[in-house]
Every structure is written in C-alpha cells, then in structure tokens.
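Since the structure comes first, as structure tokens, the remarks are kept for the end.
There are 2 protein chains.
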Amino acid sequence: MISLGERESLHNEAAQPGDSFGLLPDIIDEIRTALDEGQTEKVRELVLPLHYADQADLIENLPPDERRALVTLLKPEFNAEILHELNDYVRDEVIATLGYQDLASALVELDSDDALYVVAQLDEAERAPVMERLPADLRALIEQGLSLPEYSAGRLMQRELVAVPAYWTVGETIDYLRAATRLPEDFDALYVVDPRHRPVGQVRLSVMLRRQRVQRLRDIMDTDIPLIRTTADQEEVARLFRDRDLMSAPVVDASGRLVGRVTVDDIIDVIDEEAEDDMLRLAGVAEVDLYRAIIDTVKARVSWLGVNLITASLASLVIGLFESTLQSIVALAILMPIVSSIGGNAGTQALTVAVRSLATKELTPANSWRILGKEMLVGVLNGLILAVVVGLIAWVWFGRTDIGYVIAAAVVINLTVAGLSGIAIPLALQRLRVDPAVASSVFLTAITDMIGFFAFLGLAAVFLVP
Amino acid sequence: MISLGERESLHNEAAQPGDSFGLLPDIIDEIRTALDEGQTEKVRELVLPLHYADQADLIENLPPDERRALVTLLKPEFNAEILHELNDYVRDEVIATLGYQDLASALVELDSDDALYVVAQLDEAERAPVMERLPADLRALIEQGLSLPEYSAGRLMQRELVAVPAYWTVGETIDYLRAATRLPEDFDALYVVDPRHRPVGQVRLSVMLRRQRVQRLRDIMDTDIPLIRTTADQEEVARLFRDRDLMSAPVVDASGRLVGRVTVDDIIDVIDEEAEDDMLRLAGVAEVDLYRAIIDTVKARVSWLGVNLITASLASLVIGLFESTLQSIVALAILMPIVSSIGGNAGTQALTVAVRSLATKELTPANSWRILGKEMLVGVLNGLILAVVVGLIAWVWFGRTDIGYVIAAAVVINLTVAGLSGIAIPLALQRLRVDPAVASSVFLTAITDMIGFFAFLGLAAVFLVP
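If you read the protein sequences in the order shown, they are chains A and B.
Going by UniProt numbering, the first residue of the first sequence is number 1, and it counts up by one from there.
Going by UniProt numbering, the first residue of the second sequence is number 1, and it counts up by one from there.
Laid out in structure tokens, this is it:
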C-alpha cells in the first residue's frame with residue numbers, strides 16, 4: 001500500500017515541497033548505481049516491483065544511454081502500460097529500443113484505447129511493421145480507430161463494455177456477469193441497448209446492487225444519459241464529463257449504435273493536455289520538450305522567436321521615426337522601455353485571463369462586450385495609478401517635470417490599449433477560428449510595444465523643448 | 001439526452017469552433033428577453049429543465065442586475081449544485097442574493113464535501129450565520145472539515161462511503177446493500193475494514209458482481225490500494241489518481257481509521273485549478289477575474305505591475321550608464337529593444353517548460369543539471385541563428401557593419417543567459433520553497449532586460465566609434 005501524507009520523514013533534504021510520493025531520489029540513485037555497475041539482477045529487483053507509472057517516471061528521469069540500457073534489460077517483462085505514461089519523445093526512444101516485435105507483444109496487453117493511442121503516436125513509416133505483427137482482431141480495431149479524426153471521442157473510447165437488453169432483470173444480469181468470460185477489466189455502469197444496439201439508458205452498478213433481483217433493468221435504468229458521437233471533439237467530451245461529474249459515457253456511431261465508452265481516466269489526460277497546451281502556446285512553445293533532442297528543440301522554438309524578431313523590428317521602426325527627438329533628449333531613450341514593458345505586462349494579464357476564459361467557455365459572445373469594457377476600465381485605472389509613480393521617477397531622475405507629464409500620459413494610453421487588446425485579440429482570433437493561445441501574445445506585444453513607443457516619443461516630440 | 005458531436009446543424013454562424021454544447025447563445029438570448037419583459041413563468045420554464053451546470057453557466061453569463069433578478073426568481077427551486085459550479089465572484093453574489101436561510105437550505109441538499117467547499121469559500125463573517133442555520137449533524141461535519149488544512153485531502157473527501165468487514169460473503173454484502181437505507185448516492189467500490197475501522201482492502205463493484213455469492217470479501221479484495229491521509233496535499237492526491245487511473249480512494253485519519261473517500265470528479269476540479277493557477281500566475285494574475293468587480297481587479301493586478309515597474313526601472317538604470325554612447329550613436333536607442341525583447345521571449349519559452357515540468361514532476365533533482373545544460377545550448381544555438389538575422393537588419397538599416405557585429409554578439413549573449421535563467425530561476429525558487437509560477441517571470445524579465453541592454457550598449461561603448 002502507498003500512503004500519502006505521512007511520508008515527510010522519508011524525504012531527504014533535497015526533496016522539494018510536494019515531491020513525488022512514488023519515486024524518491026534515493027531510489028533513482030540506487031537504480032542508476034546498479035545499472036552503472038552492470039548488476040542486472042539488482043536492477044530488475046528494484047524496478048519490477050514499482051508501479052508502471054513510477055517505472056515511466058524513472059525511465060524519463062534517466063539520461064538517454066542509461067534509458068536504453070534499462071529498457072533493454074527490462075524487455076522480457078516490459079509492462080506495456082509504461083508506454084502510455086511516457087512523454088512523447090521518451091516513448092519514441094523506448095519504442096526504438098524495444099523493436100517492432102516486442103512493441104507488438106506489449107500492445108496486445110493494453111486496453112484497445114491505449115493500444116490505439118500508442119500506435120497513433122508512431123510515425124507513418126513505423127506503423128506498418130508494427131501493425132502486421134499484431135493479431136488480426138486488434139489490428140482491425142486499431143485500423144478502425146485510426147480512421148477517426150484525431151482528438152475525437154472515437155480515438156479516446158474503449159471498445160470493451162457491457163451492453164444488456166432492457167427486459168433483463170437484475171438477477172439475470174448478475175447471473176450473466178458471473179458467467180461471462182469476456183468482460184472489461186473494470187466498469188462502473190451497464191449500458192441498456194435496444195435490439196439495434198442503440199443505447200436507451202444506463203444502470204450504474206451501485207444502483208443495480210441495491211435493487212431486488214426481480215426488478216427489470218428498464219424500470220431502474222437512468223435514461224438521462226449523454227450520448228457521444230465518435231466524431232465529437234475531445235475537449236467537448238471533457239467539458240461534458242466535468243460539468244456532469246461523469247465516470248464514463250457511451251459512444252455511438254453515425255447510426256446511433258453503441259460502439260464504445262469513454263472513461264474518466266482518459267478525460268483526465270485530455271484536461272491535463274488542454275490546459276498545458278494553452279499555457280505553453282501562450283509562451284510560444286508547442287509542448288513540454290524537456291526530453292526532446294537539442295536540434296529539434298531549437299527548430300521548434302526558433303520560428304516563434306523569428307516572428308518575435310519581426311514585431312520587435314516594427315517597434316524599432318516606430319522608434320526610428322523619432323530619431324531627432326531622441327538625439328536631442330537622451331533621457332527618452334533611457335525611459336522608453338518602461339512604457340513598453342508595463343504595457344506588455346498589463347496586456348498579458350488581460351490576455352491570459354481571456355485565453356483561459358475562452359477555453360472554459362466563461363467568455364462567450366453573450367458577455368464579451370461587457371468584459372471588453374471592464375478590461376478597458378481596469379487598464380485606465382491601473383494606468384492612472386502607475387502613471388503617477390512613473391511620472392515622479394522621471395521627474396526626480398532627470399529633474400524635468402515636462403518629461404514626467406509626457407511619460408505619465410504615455411503610460412495611461414498604453415495601459416488602456418493593453419487592456420483592450422488583451423481581450424480583443426483572443427476574441428478576434430477565436431472568431432477567425434485561429435487558436436487564440438497560439439497567436440495572441442505575438443500580436444499583443446507588437447501592439448503594446450509600438451503604441452508605447454509611439455505615444456511616449458510622439459508626445460515628447462510635440463510637447464518637449466530640447 | 002444530450003448528444004455530443006452532431007450539433008453542428010444547430011450552431012448559428014456566431015458559434016465558435018468547439019462552442020458549448022450545453023447553452024446555445026439563442027437560449028441565453030431568449031431567457032434574457034423573457035427576464036427583461038418580466039415573464040416570470042416563461043423564465044422558469046426555460047431555466048429549470050436545464051442541467052445545473054448549464055444553469056451555472058447561464059448565471060455567470062448574465063450582467064450583475066439580471067443575475068440578481070434570475071436568482072431571486074429561482075429561489076424556491078434553487079438547485080444547490082449550481083453553487084459548486086460557479087466562479088468564486090459570481091458565487092459570492094448569488095449567495096448574497098439568496099440570503100443565509102435559503103443558502104442553508106440549499107447546502108443540506110449537497111454532498112458533505114460540496115457543502116464544505118461552499119462554506120469554506122464564505123467570508124469568516126458570513127460563516128457563523130449560515131452555520132447556525134444548518135442541522136447539527138451537517139454543521140458538525142463541516143466544522144470538522146474546516147479544521148483541516150486548506151487544499152488537503154480532508155477538505156476534498158466525502159464522508160459518505162460503504163465500509164464492510166472482510167469476513168462477509170459477496171451474498172451477505174449484496175443483501176446488506178439492498179436493505180441499507182443510508183448509502184451514498186453513488187459509489188464504485190466497497191472498503192473492507194478491520195475491527196478498528198482501518199481499511200485493509202477494497203472490492204470494486206465490477207469485481208464483486210462477477211463473483212459467486214459464497215465467496216468471502218477477504219478472498220476477492222484488492223489489498224494494493226492507496227491510503228490517503230486527511231492532511232495530504234490535494235496536488236499529491238491528484239497525481240496519485242492520474243498515475244494510477246483511480247476512480248476513488250479511501251482517506252484515513254492520523255490513527256489510520258477510514259474517515260472518507262476522495263472521488264475522481266473532485267480530482268478533475270483540482271487538476272483543472274492547478275494547471276490554471278500556474279498559467280495565470282506566470283502572467284501575474286491570481287485567478288480568472290472575469291466577473292470580479294473592477295476596483296478589486298485593479299487592486300489585485302496593480303501590485304504585479306508595480307513590481308514590473310521596479311524591474312523596468314532597473315533596466316533603465318542600466319541604459320542610463322551608457323548615456324553618452326547613446327547620445328553619439330542614436331541607432332543604438334532604436335535597436336536596443338530588439339535585443340531585450342528576443343531575450344525575454346526565449347527565456348519565457350524555457351521558463352514555461354520548466355514551470356510546467358516542475359508541476360508534473362518531470363523536472364526533478366535527478367535530471368535538472370542535464371536539462372540546464374540542454375537549455376543553455378538551445379539558447380546558444382537560437383542565439384546564433386537570430387544573431388545573423390539581427391546583425392543583417394542592423395547593417396542594412398544603418399549601413400554600419402560594426403553595429404551589426406555588436407548587436408549580433410549581444411543577441412547571442414542574451415539568449416544564452418535567457419535559456420539558463422529560464423530553467424535556473426524556477427529551480428532555485430522551488431528549492432527556496434517559493435511557488436516558481438508566481439515569481440519566475442519577474443526575475444526572468446529583469447535579467448533578460450538588464451543583460452540585453454548591458455551587453456548591447458556595453459559592447460557598443462567599447463567597440464564602436466561614434
């Protein structure tokens with residue numbers, strides 16, 4: 001048994017607050033030492049009793065060469081569940097180490113949805129050799145799954161489920177479950193289907209267990225159940241699970257036939273990924289690339305920096321308009337990053353709230369005008385507060401009240417624009433069907449930089465005497 | 001029944017990709033019109049059949065005055081589950097509209113964990129009048145819950161569970177469940193306890209249903225179950241659920257007695273909040289404050305901007321060191337924001353990956369040195385690529401190769417520092433037990449701004465001839 005919340009005494013001083021309960025640094029060190037010294041048996045003794053999630057953590061934590069050594073060593077007993085838990089890059093490596101035959105044998109041990117997930121992650125070129133090593137029934141299931149759109153309920157669902165007719169009694173159903181040999185490993189509800197295999201209701205096990213054997217399923221089933229199409233977007237499915245506190249839900253094909261069920265453990269992965277995606281995209285990274293090869297990481301990140309270079313150059317063009325003003329009052333060059341920096345930060349605050357609220361559907365067409373007005377006002381008020389401070393700093397530093405007034409005015413203008421843009425940009429992108437998380441922050445910085453420099457230097461050019 | 005994935009035809013053209021399946025803008029409009037025209041009965045007819053999650057969405061979407069009107073109108077049939085689904089600010093408003101007595105009546109309808117959650121969100125001053133209106137048993141449960149630390153398993157758990165002795169047979173257990181009157185509304189497993197009420201195993205319902213009536217629970221129970229202490233941190237509990245694909249888990253007190261169970265629906269809320277928190281904190285906002293009053297929003301955000309003002313002023317101080325250089329070559333003032341901007345963006349990429357990896361425990365003491373080295377190299381390589389482009393831009397723009405060389409060198413330096421800092425800052429903060437998501441980006445921007453300006457202007461001061 002694992003106990004959570006009483007492990008403090010086991011943590012060594014290097015442990016972080018909220019450190020992993022599963023894998024203590026001590027164990028990792030011990031395994032690495034054994035691996036290093038070639039003590040094959042000791043490594044297996046240490047690793048094999050670990051839960052597959054912990055084995056996955058361990059594999060991720062090792063440097064690439066030790067990773068290969070460990071996987072090679074574990075091959076005969078390699079737990080396929082590990083594959084599903086691994087970071088994409090590490091999984092690719094592990095699969096390469098396993099080879100097609102061992103991978104195929106491992107896949108057979110997985111639930112159909114997990115096997116599909118792993119195959120879907122493979123390169124096109126790798127899929128064929130793995131698929132031809134799979135048993136025909138699993139291969140057919142996976143091919144069917146691959147034909148469905150990515151990020152759809154069909155990709156997420158498990159084929160294994162229990163479907164029963166409405167005229168059965170509780171007693172008959174329990175007797176059937178006791179006798180059946182091919183049941184899913186775990187399930188929380190039975191689906192009641194009509195003769196065409198279309199779901200008409202569900203009976204949760206905790207409900208069935210409380211009813212008398214003579215009761216018919218049709219009288220105890222819950223008919224208010226969600227029906228998910230195989231083509232439904234996984235984000236929508238996740239939202240449904242979250243709102244309705246579901247454990248599982250039936251999935252139907254185009255003709256309404258029951259073909260699978262989505263379970264909450266897969267939904268947790270979806271929710272996790274979606275929130276992570278938004279956070280990372282806002283920062284211009286596509287994914288957690290901790291284990292990605294250096295060259296690939298550079299390639300993936302440099303394009304975002306290239307776009308940023310363009311917007312930064314545009315901001316420089318704006319500054320260039322005021323070359324003579326800068327030449328005559330060098331204090332402006334010293335102070336101008338303050339205006340753009342505060343604007344960028346205030347805009348990012350509004351932007352992040354907007355991107356998150358769009359994802360959770362809290363920001364909708366119904367309230368977007370109201371929120372836009374609110375953020376503009378927040379920008380004005382924050383602008384006024386900071387303008388006083390910035391104005392004082394400029395005045396004290398350079399001993400000129402006029403520079404103080406000009407920078408104060410620029411800060412108010414830039415923060416107002418920042419508040420507005422922080423909401424308006426993601427809303428506009430969403431309307432244009434572009435993921436607001438990906439593109440918003442580039443536009444925002446471009447605007448707050450350019451407006452910041454233009455407002456400050458422009459006002460200075462008009463009102464300041466050199 | 002709700003169908004997901006075949007609603008496209010119902011969407012009007014204003015609908016966003018992945019729009020809410022629950023509440024179409026049309027329905028919101030219809031309800032608002034009815035509310036506006038005082039058609040009380042029509043409003044109730046439209047709203048009451050909606051799922052409580054959709055009712056919560058609706059309430060959030062309305063402007064404050066319509067919100068109050070709607071809640072007042074729904075009072076007699078107000079579904080307490082709505083409270084749990086609402087954004088914090090909107091919940092406060094709704095509770096104020098409901099009043100203490102109606103709130104207390106609503107709380108009685110909730111599961112103990114949800115009632116505790118709502119009471120915990122109340123201001124200290126509001127708690128007492130609500131608590132004294134609650135029935136004694138619920139009040140006692142909530143008081144017990146409030147005595148546990150915030151964000152602990154004890155706050156998350158439900159008290160309602162089914163505990164049975166190991167010597168019972170499957171048949172006896174099913175008979176007990178059929179006869180028992182006070183069972184939880186839903187449960188997926190039975191906990192097997194010893195005479196001191198300490199859990200010794202669990203039997204999932206899907207397992208029990210497959211076994212013969214004569215089998216004893218002790219022979220079919222799963223003893224490899226997690227035990228969570230009431231004081232365990234909710235993030236740790238979420239990680240456990242995620243890694244082990246759990247549906248529920250027993251919670252024990254300090255003496256090991258079974259006192260409750262955590263269910264996966266609460267874990268989804270925790271995962272959602274934690275990911276959201278990190279994303280928002282990186283941007284300097286404490287929470288999604290879409291519905292927060294304007295003045296409160298300003299107060300909450302201005303302190304972050306104030307800190308940003310200090311770091312921006314430090315960057316200006318660095319620029320000030322090179323006043324005479326800037327005066328003689330104004331091109332430097334025009335180009336310098338490019339160096340700081342690219343540095344800030346490259347740093348943010350590394351930082352975001354680091355903060356996320358720390359949260360998911362992918363970045364650990366065991367691999368932090370390796371990752372640090374990788375990010376530094378990525379910084380150097382990205383720096384070299386961008387330096388060529390930036391150098392060319394500067395050369396073409398101002399017709400001076402020496403300025404091109406200087407800015408190119410400054411970009412390489414700043415991106416290397418940015419890559420290093422992006423990983424090192426959150427690691428250091430975590431070591432100091434400060435939430436890396438909160439404080440990292442301030443430090444990062446301060447460093448990339450100052451190093452960017454110092455490297456560029458410093459090199460210019462040394463190598464450039466005016």
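Just so you know, even glycine gets a beta-carbon here, dropped at the ideal spot from N, CA and C.
Given the structure is predicted, the values throughout are model-derived calculations rather than measurements.
- Rounded to whole angstroms, A/F187 and B/V434 show a C-alpha spacing of 41 Å.
- Rounded to whole angstroms, A/G306 and B/V406 show a C-alpha spacing of 19 Å.
- B/A410 is not a Cβ neighbour of B/L377, given a cutoff of 8 Å.
- A/S112 sits close to A/R159, with the two beta carbons spaced by under 8 Å.
- Counting every other CB atom within 10 Å of its CB across the protein chains shown gives A/F78 a total of 16 or more, marking it as buried.
- For A/S340, the neighbours in chain B by C-beta distance under 9 Å run, in chain order, A312, P337, S341.
- Membership of A/V389 in the alpha helix (DSSP H) is indicated by the continuous run 368–398.
- In the three-state reduction of the DSSP assignment, B/G419 falls in the helix class.
- In the same chain as A/F463, and ignoring 5 residues on each side of it, the C-beta atoms closer than 8 Å to its own belong to D402, Y405, V406, in chain order.
- In the displayed model, B/A136 falls within a helix according to three-state DSSP.
- Annotation: Cβ neighbours of A/F187 in chain B (cutoff 8 Å, chain order): S206.
- Those residues of the region 357–373 of chain A placed with their C-beta closer than 7 Å to a C-beta in chain B are S357, K361, E362, L363, T364, P365, A366, N367, R370, I371, ordered along the chain.
- Counting C-beta pairs closer than 8 Å gives fewer than three between the region 362–375 of chain B and the region 321–329 of chain A, which falls short of the contact rule.
- DSSP places B/V434 outside both helix and strand once states are collapsed to three, so it counts as coil.
- Note that the C-beta distance between B/V192 and B/V200 is below 8 Å.
- The alpha-carbon separation between B/I225 and A/F443 amounts to approximately 50 Å.
- Beta-bridge annotation (DSSP): A/G201 is paired with A/V192.
- Counting along the chain, the unbroken alpha helix (DSSP H) around A/P25 starts and ends at 25–36.
- The Cβ neighbour count for A/A106, taken over all protein chains shown within 10 Å, is at least 16; the residue is labelled buried.
- B/R242 belongs to the set of residues whose beta carbon lies under 8 Å from a beta carbon in chain A.
- For the set B/Q39, B/D175, B/A346, the Cα lying nearest the Cα of A/R211 is the one of B/D175.
- Excluding five sequence positions before and after B/G171, the CB atoms of its chain that fall closer than 7 Å to its own CB belong to R213, V214, given in chain order.
- Here A/D233 is bridged, per DSSP, to A/S152.
- For B/T40, there is no enclosing beta strand (DSSP E); the enclosing alpha helix (DSSP H) covers residues 40–47.
- Exposure of B/E109 is indicated by the presence of fewer than 16 other C-beta atoms within 10 angstroms of its C-beta.
- A/V262 is bridged by DSSP to A/A249.
- For the set B/V298, B/E150, B/S152, B/S313, the Cα lying nearest the Cα of A/V396 is the one of B/S313.
- Among the residues of chain A, those whose CB is under 8 Å from the CB of B/T348 are A283, G284, following chain order.
- Distances from the CA of A/A56 to each of B/D114, B/R244, B/V465, B/D26 were compared; the closest alpha carbon is that of B/R244.
- With fewer than three CB-CB distances shorter than 8 Å, the region 340–351 of chain B does not count as touching the region 419–426 of chain A.
- Not a single C-beta of chain A is nearer than 8 Å to the C-beta of B/Q55.
- The count of Cβ pairs closer than 8 Å, one atom from the region 232–239 of chain A and one from the region 264–283 of chain A, reaches three, so the stretches are in contact.
- Between the alpha carbons of A/P64 and A/T97 lies a distance of about 11 Å.
- In this structure, the beta-carbon distance from A/I28 to A/L50 does not fall below 8 Å.
- Per DSSP, the beta bridge partners of A/A163 are A/Y191.
- Taking C-alpha positions only, B/G419 is separated from B/P466 by approximately 32 Å.
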